[in-house]
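Chemist: Under UniProt numbering, the final residue of the sequence shown carries the number 690; numbering is consecutive throughout.
By construction, the Cβ of each residue, glycine as well, lies at the ideal position given by its N, Cα and C atoms.
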Amino acid sequence: MTHQTVRQGLVDRRIVAEALLESFRKLAPQRQLKNPVIFVVYIGSLLTTMLYFQSLTGGGEESAGFVLAITLWLWFTVLFANFAEAVAEGRAKAQAATLRRSKREVMAKKLDEPRYGSNYSKVAGSSLRRGDVVLIEAGDIIPADGEVIEGVASVNESAITGESAPVIRESGGDFSSVTGGTRVLSDWLVVRITVNPGEAFLDRMIAMVEGARRRKTPNEIALTILLVALTLIFLLATVTLLPFSIYSVETAGEGRPITVTVLVALLVCLIPTTIGGLLSAIGVAGIGRMMRKNVIATSGRAVEAAGDVDVLLLDKTGTITLGNRQASAFLPLHGIGERTLADAAQLASLADETPEGRSVVVLAKQKYGLRERDVRSLGATFVHFSAQTRMSGVNLEGRQIRKGAADAIRAYVEAQGGSFPEEAQKLVHDVARRGSTPLVVAENGGVLGVIELKDIVKGGIKERFAEMRRMGIKTVMITGDNPLTAAAIAAEAGVDDFLAEATPEAKLKLIRAYQAEGRLVAMTGDGTNDAPALAQADVAVAMNTGTQAAKEAGNMVDLDSNPTKLIEIVETGKQMLMTRGALTTFSIANDVAKYFAIIPAAFATTYPALNALNIMGLATHASAILSAVIFNALIIVALIPLALKGVSYKPVGASVLLRNNLLLYGVGGLIVPFVGIKLIDLLLVALDLV
1 MTHQTVRQGL VDRRIVAEAL LESFRKLAPQ RQLKNPVIFV VYIGSLLTTM LYFQSLTGGG
61 EESAGFVLAI TLWLWFTVLF ANFAEAVAEG RAKAQAATLR RSKREVMAKK LDEPRYGSNY
121 SKVAGSSLRR GDVVLIEAGD IIPADGEVIE GVASVNESAI TGESAPVIRE SGGDFSSVTG
181 GTRVLSDWLV VRITVNPGEA FLDRMIAMVE GARRRKTPNE IALTILLVAL TLIFLLATVT
241 LLPFSIYSVE TAGEGRPITV TVLVALLVCL IPTTIGGLLS AIGVAGIGRM MRKNVIATSG
301 RAVEAAGDVD VLLLDKTGTI TLGNRQASAF LPLHGIGERT LADAAQLASL ADETPEGRSV
361 VVLAKQKYGL RERDVRSLGA TFVHFSAQTR MSGVNLEGRQ IRKGAADAIR AYVEAQGGSF
421 PEEAQKLVHD VARRGSTPLV VAENGGVLGV IELKDIVKGG IKERFAEMRR MGIKTVMITG
481 DNPLTAAAIA AEAGVDDFLA EATPEAKLKL IRAYQAEGRL VAMTGDGTND APALAQADVA
541 VAMNTGTQAA KEAGNMVDLD SNPTKLIEIV ETGKQMLMTR GALTTFSIAN DVAKYFAIIP
601 AAFATTYPAL NALNIMGLAT HASAILSAVI FNALIIVALI PLALKGVSYK PVGASVLLRN
661 NLLLYGVGGL IVPFVGIKLI DLLLVALDLV
């Protein structure tokens, strides 16, 4: 499948060029205020800029060249932080631009009455309101999101999903939802519009991926509060150092007090500028990664919640199993030949157009060569399968054959004056206990045997569930099957628990029970009957092929309509949290290492004994301070690719993840600044810049 989503590399020239311009636009004070940590650096940059102009007149405490170098690198720090956010937003805007191209102004055939054939008037699609009814014929573009209330048609949704294969949309059921911007290929539809202008699914997608409505998530807000608190602590500590330094020099009668320029440099190196500059980019990039998986998150909080999920509710059909049960064996009663049973089963299945019915016909062909029947010469009258009777069959001369669910065939046999034998009941029970589905075949009021339909568990799904378990996530299978069948499939698939004979009320009750225990629940759904549970779940992924009610209830929409995507969504959410945690760990450890570079240099003139802490052997106090400031700016740029791409995901538990984080990003955050600052110092000395 070719996704419609933009697949940018980490470095795209157009995005980088636009991000560079946006970095300067973000220098406006009102925009800088949104990031308190970088705003402190912004104020420091303004202050040192004024000190530089003062030094040009000969009134400064430091040389003009030193103040200028500090000033430029402080401005670079602000610009690099702006650049990180701008690159992430630029990637999202490129994705949104692709979606926006899917939007077009179309003329709609608005009906006076919701009935095909009524008079209609042509109006602009943008003028349609919720409740309006429109006629859409072959070749027409669907003007807005809605529900099919009449007709059935083939629809090309590639503009939204990237999938070229057309889909069927019809009134009623779980495939009645249509999306504005898609095209009807055949037949016609009468659609009731379900959104007002600006509220369409495509509008919400564009707004979300652009970040226009991105709000900080709870964890992001909590981390921002922590960073602000640390910044205030260091700000207060730094402000008190100037009078303390002046007093110490006057008392000792020697040395030189610390300067304002050095104090600003010290403050910028002490506060958590690295994670402060990258925090917003991490959040924007997280939503972007969801988009690249063809998942639209209508809430940034949902992306974060996906990383904290510890219970997954997974529908059995299509997620855990392949979806279509296949006939795997004919199990005749004592005294009945297997070929006889296969012959009757095939005849009874000729009028069954379900995948299960067709598989019975195929199995009889494969095992016994039963094919090319001349049904006309048999004088057959077929009984088609229906959801009400749950049976199909055929009436021949002297023969009435039926095939269907066990309870339906029991009722049919008893109505014919026959009895349902104990042996048949035992076969039904055995098949169900194995996790398969039993179908019973009867002829002229007598049971011939049982057909076993096997629900095939997807390859590799058991290993995926084992990974989820290692991450501390509980998997729960949701199915409408009876408890025996559900238990067998759950055991084969390796899920932790299951809910059998699931109803909308049962799903809702189960979600609330887990949430009452303080757990976060994720689930998928596509039908109107799933809407209550989707609205209750913390992470609710609606299928794009589903009903409008399901999509409105969910906080994510999977454009591929792949129920298995829920596992990938959880992994992507965890990757975002892991990235934020890793870079926070690195940033704090990074700051600790910088203390050894800048504090001895800043106070060496006041307290010469502090030179003993110059363990890196930096050349001069000026080169030490400048090297620390340069490193502080460059490390933001160096970490932008990691913030955008995210740290590599590994399905491990929280304790292992914490240990790995501390080892890699904690220890790495301590070592990298020592190496980086020393190399910059050597370069400054070699170039005779200090």
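Note the first and the last residue of the continuous beta strand (DSSP E) segment covering M523.
Modeler: Working through the sequence shown from its first residue, we reach residue 523 at position 523. Here the beta strand (DSSP E) through M523 covers 521 to 525.
Chemist: Rounded to the nearest angstrom, what separates G172 and Q515 at their Cα positions?
Modeler: Taking the sequence shown and counting its residues from 1, one reaches residue 172 at position 172. Taking the sequence shown and counting its residues from 1, one reaches residue 515 at position 515. Their backbone Cα atoms lie some 32 angstroms apart in a straight line.
Chemist: In chain order, what residues of the same chain lie with their CB nearer than 6 angstroms to the CB of R580, ignoring the 5 residues before and after it?
Modeler: As a position in the sequence shown, residue 580 is number 580, starting the count at 1. Answer for R580: I282, listed in chain order.
Chemist: To the nearest whole angstrom, what separates the beta carbons of L644 and V37, a pair I think is in contact under 8 angstroms?
Modeler: Taking the sequence shown and counting its residues from 1, one reaches residue 644 at position 644. Taking the sequence shown and counting its residues from 1, one reaches residue 37 at position 37. About 20 angstroms; that fails the 8 angstroms criterion.
Chemist: Taking all protein chains shown into account, do 16 or more other C-beta atoms lie within 10 angstroms of the C-beta of T585, making it buried, or fewer, making it exposed?
Modeler: Against the sequence shown, residue 585 aligns to sequence position 585. Result: buried.
Chemist: Alpha carbons only, please: which of F631, H621, M576, I615 is nearest the one belonging to S648?
Modeler: Looking up residue 648 in the sequence shown gives position 648. Looking at F631, H621, M576, I615, the one whose alpha-carbon comes closest to that of S648 is M576.
Chemist: Between the segment 293 to 310 and the segment 63 to 73, can you find at least three pairs of beta-carbon atoms closer than 8 angstroms?
Modeler: no
Chemist: Leaving aside the five residues before and after N529 along the sequence, list all residues of the same chain whose C-beta is less than 6 angstroms from its C-beta, in chain order.
Modeler: Taking the sequence shown and counting its residues from 1, the one referred to as residue 529 is at position 529. Counting only Cβ-Cβ distances below 6 angstroms, and skipping sequence neighbours, we find P504.
Chemist: Please check the pair R183 and S176, which I expect to be a contact at CB under 8 angstroms, by giving their CB distance rounded to whole angstroms.
Modeler: Translated into the one-based positions of the sequence shown, residue 183 becomes position 183. Translated into the one-based positions of the sequence shown, residue 176 becomes position 176. That pair is no contact at about 17 angstroms.
Chemist: Taking the CB atoms as reference points, tell me whether G435 and D455 lie closer together than 8 angstroms.
Modeler: Numbered from its first residue, the sequence shown carries residue 435 at position 435. Numbered from its first residue, the sequence shown carries residue 455 at position 455. Taking 8 angstroms as the Cβ cut-off, G435 and D455 qualify as a contacting pair.
Chemist: At a cut of 8 angstroms, does the segment 588 to 598 reach the segment 265 to 278 through at least three beta carbon pairs?
Modeler: yes
Chemist: Compare the C-alpha of L333 against each of V441, M556, L47 and name the closest.
Modeler: Within the sequence shown, the letter at position 333 stands for residue 333. The residue with the shortest Cα to Cα distance from L333 is V441.
Chemist: Evaluate H384 with the Cβ neighbour count: other Cβ atoms within 10 Å of its Cβ, from every protein chain shown; 16 or more gives buried, anything less gives exposed.
Modeler: As a first step, residue 384 must be located in the sequence shown, where it is residue number 384. Classification of H384: exposed, given that the 10 Å Cβ count is below 16.
Chemist: Three-state secondary structure (DSSP) at T2?
Modeler: For this step, residue 2 is matched to residue 2 along the sequence shown. For T2, the pLDDT reaches just 37, beneath the cut-off of 50, and the residue's location in the model is therefore unreliable, although a value from the coordinates is still provided. Of the three classes helix, strand and coil, the one that applies to T2 here is coil, per DSSP.
Chemist: Cα-Cα, which of G417, I567, T381 is closest to R469?
Modeler: Numbered from 1 along the sequence shown, position 469 holds the residue referred to as residue 469. Per the Cα distances, I567.
Chemist: Have a look at A108, A81, P143, A604 and flag the residue whose alpha-carbon is nearest the alpha-carbon of Q32.
Modeler: Indexing the sequence shown from 1 puts residue 32 at position 32. Ranking A108, A81, P143, A604 by Cα distance to Q32 puts A81 first.
Chemist: Along the chain, where does the alpha helix (DSSP H) containing V360 start, and where does it finish?
Modeler: Position 360 of the sequence shown holds residue 360. Run containing V360: 355 to 368, per the alpha helix (DSSP H) assignment.
Chemist: Taking the alpha-carbon positions, what's the L664 to I671 distance?
Modeler: As a first step, residue 664 is located in the sequence shown; it is residue number 664 there, counting from the start. As a first step, residue 671 is located in the sequence shown; it is residue number 671 there, counting from the start. For L664 and I671, the distance between alpha carbons rounds to 10 angstroms.
Chemist: Output needed for A533: all residues of its chain with C-beta closer than 7 angstroms, excluding positions within five of it in sequence on either side, in chain order.
Modeler: On the sequence shown, residue 533 is found 533 positions in, with the first residue counted as 1. These residues qualify, in order along the chain: P504, K507, L508, I511, M523, G525.
Chemist: Rounded to whole angstroms, what's the CA-CA distance from T77 to A633? Just pull it up for me.
Modeler: Position 77 of the sequence shown holds residue 77. Position 633 of the sequence shown holds residue 633. The alpha-carbon atoms of T77 and A633 are separated by roughly 4 angstroms.
Chemist: Going by the DSSP bridge assignment, what does D407 pair with across the sheet?
Modeler: Within the sequence shown, residue 407 is the residue found at index 407, counting from 1. Looking at the DSSP assignment, D407 forms no beta bridge with any residue, so it has no partner.
Chemist: Hey, L322 and V476 are a contact pair by Cβ (cut 8 angstroms); roughly how many whole angstroms apart?
Modeler: Here residue 322 corresponds to residue number 322 of the sequence shown, with the count starting at 1. Here residue 476 corresponds to residue number 476 of the sequence shown, with the count starting at 1. In this structure, L322 and V476 do not form a Cβ contact; the two beta carbons are roughly 20 angstroms apart against a cut-off of 8 angstroms.
Chemist: Per DSSP, S193 forms a beta bridge with which residues?
Modeler: Numbered from its first residue, the sequence shown carries residue 193 at position 193. Residue identity differs from the one stated: residue 193 is Ile in this sequence, not Ser. The bridge partners DSSP lists for I193 are G146.
Chemist: What's the gap between the Cα of V361 and the Cα of K109?
Modeler: Numbered from its first residue, the sequence shown carries residue 361 at position 361. Numbered from its first residue, the sequence shown carries residue 109 at position 109. Whole-angstrom Cα-Cα distance: 45 angstroms.
Chemist: Return the Cβ separation of V133 and V190 in integer angstroms, given the expectation that the two are a contact with Cβ distance under 8 angstroms.
Modeler: Walking along the sequence shown from the start, residue 133 turns up at place 133. Walking along the sequence shown from the start, residue 190 turns up at place 190. Yes, V133 and V190 are in contact; Cβ-Cβ is about 6 angstroms, under 8 angstroms.
Chemist: Please specify which runs of the alpha helix (DSSP H), each continuous and at least 4 residues long, are wholly inside the segment 216 to 282, giving them in chain order.
Modeler: 218 to 252, 260 to 270
Chemist: Express the C-alpha separation of D481 and A212 in angstroms, rounding to a whole number.
Modeler: Taking the first residue of the sequence shown as position 1, residue 212 is located at position 212. Taking the first residue of the sequence shown as position 1, residue 481 is located at position 481. Any reading at A212 must be qualified, since the residue scores a pLDDT of 40, below 50, and its modelled position is unreliable; no value is offered.
Chemist: Enumerate in chain order the residues of its own chain whose CB-to-CB distance from A604 is below 6 angstroms, with the five nearest sequence positions on each side excluded.
Modeler: Counting from 1 along the sequence shown, the entry for residue 604 is found at position 604. Short of 6 angstroms from the beta carbon of A604, and not among the five residues preceding or following it, lie these beta carbons of its own chain, in chain order: L610, N611, H621.
Chemist: What are the boundary residues of the beta strand (DSSP E) that includes K458?
Modeler: One-based indexing of the sequence shown puts residue 458 at position 458. Per DSSP, K458 belongs to no beta strand (DSSP E) and is neither H nor E.
Chemist: Figure out for me which residue from A487, S623, S245 has the closest Cα to the Cα of V260.
Modeler: Here residue 260 corresponds to residue number 260 of the sequence shown, with the count starting at 1. Out of A487, S623, S245, S245 has the C-alpha closest to the C-alpha of V260.
Chemist: So, are the CB atoms of A597 and M616 less than 8 angstroms apart?
Modeler: Along the sequence shown, read from residue 1 onward, the residue named residue 597 stands at position 597. Along the sequence shown, read from residue 1 onward, the residue named residue 616 stands at position 616. Yes, they are a contact pair.
Chemist: Please report the residue range of the alpha helix (DSSP H) in which P29 lies.
Modeler: As a first step, residue 29 must be located in the sequence shown, where it is residue number 29. Note, P29: alpha helix (DSSP H), 29 to 32.
Chemist: Leaving out the 5 sequence neighbours to the left and right, which residues in its chain are closer than 7 angstroms to G277 when beta-carbon positions are compared?
Modeler: Locating residue 277 in the sequence shown gives position 277, where the first residue counts as 1. Here the set comprises I38, F80, A81, A84, I636.
Chemist: Taking the C-alpha atoms as reference points, what is the distance between L689 and K650?
Modeler: Taking the first residue of the sequence shown as position 1, residue 689 is located at position 689. Taking the first residue of the sequence shown as position 1, residue 650 is located at position 650. Cα to Cα, the separation comes out at about 45 angstroms.
Chemist: In the DSSP assignment, what are the bridge partners of L499?
Modeler: Position 499 of the sequence shown holds residue 499. Beta-bridge partners assigned by DSSP to L499: I478.
Chemist: So S23 packs on T274, CB below 8 angstroms; how close in whole Å?
Modeler: Locating residue 23 in the sequence shown gives position 23, where the first residue counts as 1. Locating residue 274 in the sequence shown gives position 274, where the first residue counts as 1. 17 angstroms between Cβ atoms; not a contact.
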